[in-house]
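So the sequences go chain by chain: A and B.
Note that this note's numbering has the first sequence beginning at 5, numbered continuously upward.
Note that this note's numbering has the second sequence beginning at 375, numbered continuously upward.
A virtual CB, placed ideally from N, CA and C, is assigned to each residue, including glycine.
Structure first, commentary second.
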Amino acid sequence: MLRKKGMKVINSKFEGIYWLKKGKRKFLVTKNLVPGFRSCNEEIVYVNGREYRVWDPYRSKASAAIHKKVKEFPVKEGDLILYLGVASGTTASYLSDIIGEEGVIYGVDFSASALLPLIQIARKRENIVPLLADARTPSRYINFVEEVDVVYCDVAQPNPTSIVSTNSNLFLKESGYVLLAIKASSIDISKKPKEVYLEEEKKLKETGFEIIDSVNLVPYHKKHAFLLLKRK
Amino acid sequence: MKAYLTVSPLGVLAVNEKKEIILVKKLKGDINQVTDKFISFLEKRTLTELNNALEELLDMGYREINIEEREPVKVKEEIKGVIKYSIPNKAGLLFRRYFTALSVEKFGFRNKKEARRRIREVSIRVTVYGIKKDRSRKDLSIIQAIHVLDDLEKMLNSLFLRIKEWYSLYFPELFDILESQELIIKLISKFKKPEKINPQTLKEEFNLPSEIINKIASSINETVGAKLQERDSEVIEELIQEWLSLKKCYDAVRGYIEEEMPKVAPNTSSLTGALIAARLISSAGGLESLAKLPSSTIQLLGAEKALFRFIRGKGTPPKHGVIYQYPLIRKSNKKVRGKLARKLANKIAIAARIDMFSGGRGEGKLQEKFVREIKNIVKEERNESNKQQI
Numbered sequence: 005m006l007r008k009k010g011m012k013v014i015n016s017k018f019e020g021i022y023w024l025k026k027g028k029r030k031f032l033v034t035k036n037l038v039p040g041f042r043s044c045n046e047e048i049v050y051v052n053g054r055e056y057r058v059w060d061p062y063r064s065k066a067s068a069a070i071h072k073k074v075k076e077f078p079v080k081e082g083d084l085i086l087y088l089g090v091a092s093g094t095t096a097s098y099l100s101d102i103i104g105e106e107g108v109i110y111g112v113d114f115s116a117s118a119l120l121p122l123i124q125i126a127r128k129r130e131n132i133v134p135l136l137a138d139a140r141t142p143s144r145y146i147n148f149v150e151e152v153d154v155v156y157c158d159v160a161q162p163n164p165t166s167i168v169s170t171n172s173n174l175f176l177k178e179s180g181y182v183l184l185a186i187k188a189s190s191i192d193i194s195k196k197p198k199e200v201y202l203e204e205e206k207k208l209k210e211t212g213f214e215i216i217d218s219v220n221l222v223p224y225h226k227k228h229a230f231l232l233l234k235r236k
Numbered sequence: 375m376k377a378y379l380t381v382s383p384l385g386v387l388a389v390n391e392k393k394e395i396i397l398v399k400k401l402k403g404d405i406n407q408v409t410d411k412f413i414s415f416l417e418k419r420t421l422t423e424l425n426n427a428l429e430e431l432l433d434m435g436y437r438e439i440n441i442e443e444r445e446p447v448k449v450k451e452e453i454k455g456v457i458k459y460s461i462p463n464k465a466g467l468l469f470r471r472y473f474t475a476l477s478v479e480k481f482g483f484r485n486k487k488e489a490r491r492r493i494r495e496v497s498i499r500v501t502v503y504g505i506k507k508d509r510s511r512k513d514l515s516i517i518q519a520i521h522v523l524d525d526l527e528k529m530l531n532s533l534f535l536r537i538k539e540w541y542s543l544y545f546p547e548l549f550d551i552l553e554s555q556e557l558i559i560k561l562i563s564k565f566k567k568p569e570k571i572n573p574q575t576l577k578e579e580f581n582l583p584s585e586i587i588n589k590i591a592s593s594i595n596e597t598v599g600a601k602l603q604e605r606d607s608e609v610i611e612e613l614i615q616e617w618l619s620l621k622k623c624y625d626a627v628r629g630y631i632e633e634e635m636p637k638v639a640p641n642t643s644s645l646t647g648a649l650i651a652a653r654l655i656s657s658a659g660g661l662e663s664l665a666k667l668p669s670s671t672i673q674l675l676g677a678e679k680a681l682f683r684f685i686r687g688k689g690t691p692p693k694h695g696v697i698y699q700y701p702l703i704r705k706s707n708k709k710v711r712g713k714l715a716r717k718l719a720n721k722i723a724i725a726a727r728i729d730m731f732s733g734g735r736g737e738g739k740l741q742e743k744f745v746r747e748i749k750n751i752v753k754e755e756r757n758e759s760n761k762q763q764i
């Protein structure tokens, strides 16, 4: 547990995301949208009467990307997000803090058991829409989803590029961004992670994406990279 | 004239070629009714409002109606001819882009928040329904059972090992004479102390051949073991009772798997035996996943560690995973095991697909054929290897 004494919350580079400073240590935090409710056993701290949730980079690839100084993090208040591979909703709950009540997260995952905790979170957080479907077949959730500002994709599949591009074509606004977590060992276990990232980046460029930034998530997540994309 | 149509939890929306809205049908009823309607649309592909909309569009003179779905919806025969499917279509693009405005102006929600609440509530209920449906899959309980069975087996073995080492202080020869764990445990439980072992009872209650009884009797006299004290005997008896109750549990779980597997996957389990089939299903993550795997993957299910080690460039490729436990493979010559494993995996792939997708059809003759074929293969391979040896 973090002790209250000497804690200070300062703005980070990005909207809705803050650094909690305690001596030399600093933690990434978001304001809790549902005070008193812990979504994923995270640490909760109170500063100046506000409740903040600590965003652990070891548990969330988005947090790791911010720790590794990604250039931009395009999620802001009121945004609509299509989250492919939402799983138990750890990262989704922090995005839900950032977008606030006016935003919506459409969380897609095809594993029924992974979605169980998300259902509990979605019942408390009114901006999360859980969808039990395969991100490779958007026809199964097309009835529920609006056009979104951000497609966030974190799937352990061998073809993230094609998943991102079909979903972006259907659901992403012209000016929208794609956040893509790449798991090298799901794509090709025999190659070195860096080769896999380069190949995937090449594929993404060919499919019509512009790569704004790419960060390696070591040491928080081994063999993972995080890409920020925009449509050309 | 062409019309484009899309369905959502708000209702049905249709536009014409110029993206002008020509028809809106709200889903009627309270949230429960809407959810039920939507689930039946997703599952059975029928929706009253959609049928009404299609009929109205026909009346309006549209002769080609494009629906934003991938799987066909159920409609009357005479309408079928005019329907086409594509993702995305003009109606869907319009609906998703102008959701906020459309939900208020056309679907009569007070504001976008209320419309989104409708979407969210339906999605939560549909998802809960989906999870429930998924959890009622029979193969999931089989997977749980096989995990428990493997753990019980480990526990039984390690407990037996402890009992064996302890009892060896007093009568080590017993473990050289008898092999069956259950028999040894029952024997110790019956006589408690080595000197009390009675040849007469051994014959009557345990049905042992006289040769073995003689061996036991003579080794009691010559034993190098110490004398078993009353106190030690009591504690060992406790361990033995624990082992027996674990064994009872193990038998119950095993009986469950052997009873249920033929219902879940009749062809697969008659081909490989219930336990191996259950392990295959557990490694694949379900009968459906198993049925969708290529036979080359089935061959190596359970040998992932060796496989990935090989892919990373160390060691040799594995020949078999779970199916190594198949008696004909385990017992045969090392040289032909790879071939046998490949052929068995082929058959499993076929059997699993029949079980999953044609409701277990072909049960009976098919399984006999499989087994016969595999036995023939084994024979051939054996003959071949015999020839080579000569």
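Taking valine 502 of chain B as reference, the option from B/Asp433, B/Asp410, B/Leu428 and B/Ser477 with the minimal CA-CA separation is B/Asp410.
Within the region 9-45 of chain A, the complete beta strand (DSSP E) segments at least 3 residues long are 11-15, 22-26 and 29-35, listed from N- to C-terminus. Scanning chain A for C-beta atoms nearer than 7 angstroms to the C-beta of glycine 466 of chain B yields Ile146, reported in chain order.
Put simply, the CB of leucine 174 of chain A is near chain B, with a gap under 8 angstroms to one of its CB atoms. The Cβ-Cβ distance between alanine 96 of chain A and isoleucine 123 of chain A does not fall below 8 angstroms.
Under the three-state reduction of DSSP output, aspartate 113 of chain A falls in the strand class. Aspartate 153 of chain A has its alpha-carbon roughly 12 angstroms from the corresponding atom of phenylalanine 77 of chain A.
Ranking A/Glu130, A/Ile102, A/Ser64 and A/Gly107 by CA distance to the CA of alanine 91 of chain A puts A/Ser64 first.
Classified as exposed, lysine 637 of chain B has fewer than 16 neighbouring CB atoms from the shown chains inside 10 Å of its CB. Scanning A/Lys73, A/Ile125, A/Ala66 and A/Ile70 for the CA closest to the CA of phenylalanine 41 of chain A turns up A/Ile125. Rounded to whole angstroms, the Cβ separation of leucine 397 of chain B and leucine 431 of chain B is 6 angstroms, and the two are in contact under 8 angstroms. Chain B places no beta carbon closer than 8 angstroms to that of alanine 229 of chain A, leaving this residue out of the contacts.
Residue-level contact by beta carbon fails for proline 121 of chain A and chain B, as no gap is shorter than 8 angstroms. Counting only runs of 4+ residues, the alpha helix (DSSP H) found wholly inside the region 77-162 of chain A occupies 94-103 and 116-128, in chain order. Threonine 420 of chain B has a beta carbon lying at 8 angstroms or more from every beta carbon in chain A. Residue pairing of serine 218 of chain A in beta bridges, as defined by DSSP: A/Leu231. Legend: CB atoms of the region 676-708 of chain B lying less than 9 angstroms from CB atoms of chain A belong to residues Phe682, Ile685, Arg686 and Gly687. Straight-line spacing of the CA atoms in phenylalanine 114 of chain A and alanine 139 of chain A works out to 7 angstroms. Those residues of the region 433-455 of chain B placed with their C-beta closer than 9 angstroms to a C-beta in chain A are Glu442, Glu443, Arg444 and Glu445, ordered along the chain. DSSP places glutamate 178 of chain A in the strand class (E or B) of the three-state scheme.
Chain A has a Cβ within less than 8 angstroms of the Cβ of phenylalanine 473 of chain B.
Listed along the chain, the chain A residues whose CB falls inside 7 angstroms of the CB of serine 497 of chain B are Val133, Pro134, Leu135 and Phe148.
A residue is called buried once 16 or more other Cβ atoms fall within 10 Å of its Cβ, and serine 670 of chain B, having fewer, is exposed. Taken in chain order, the whole alpha helix (DSSP H) runs of length 4 or more contained in the region 601-682 of chain B are 604-638, 640-646, 648-658, 661-666 and 669-674. If the five residues before and after alanine 66 of chain A are omitted, its C-beta is found closer than 6 angstroms to the C-beta atoms of Thr95, all from its own chain and listed in chain order.
With respect to chain A, the C-beta atom of valine 478 of chain B has no partner C-beta closer than 8 angstroms. Within the model, the alpha-carbon separation for aspartate 513 of chain B versus leucine 661 of chain B is close to 6 angstroms. Against chain B, the beta carbon of arginine 129 of chain A has no neighbour under 7 angstroms; the closest one sits roughly 10 angstroms away. Taking a Cβ-Cβ threshold of 8 angstroms, the residues of chain A close to isoleucine 461 of chain B are Pro142, Ser143, Ile146 and Leu174, in chain order. For asparagine 588 of chain B, the enclosing alpha helix (DSSP H) starts and ends at 584-596.
Listed in chain order, the positions of the region 183-195 of chain A with a beta carbon within less than 7 angstroms of a beta carbon of chain B are Ile193 and Ser194.
Annotation: isoleucine 516 of chain B has no Cβ neighbours in chain A at a cutoff of 8 angstroms; minimum Cβ distance is about 15 angstroms.
Per DSSP, the continuous beta strand (DSSP E) segment holding glutamate 438 of chain B begins and ends at 438-441. Partner residues in a beta bridge of alanine 719 of chain B, as assigned by DSSP, do not exist. A contact is defined here as three or more CB-CB pairs under 8 angstroms, and the region 181-191 of chain A meets this definition with respect to the region 217-232 of chain A. In the structure shown, the three-state DSSP call for threonine 420 of chain B is coil.
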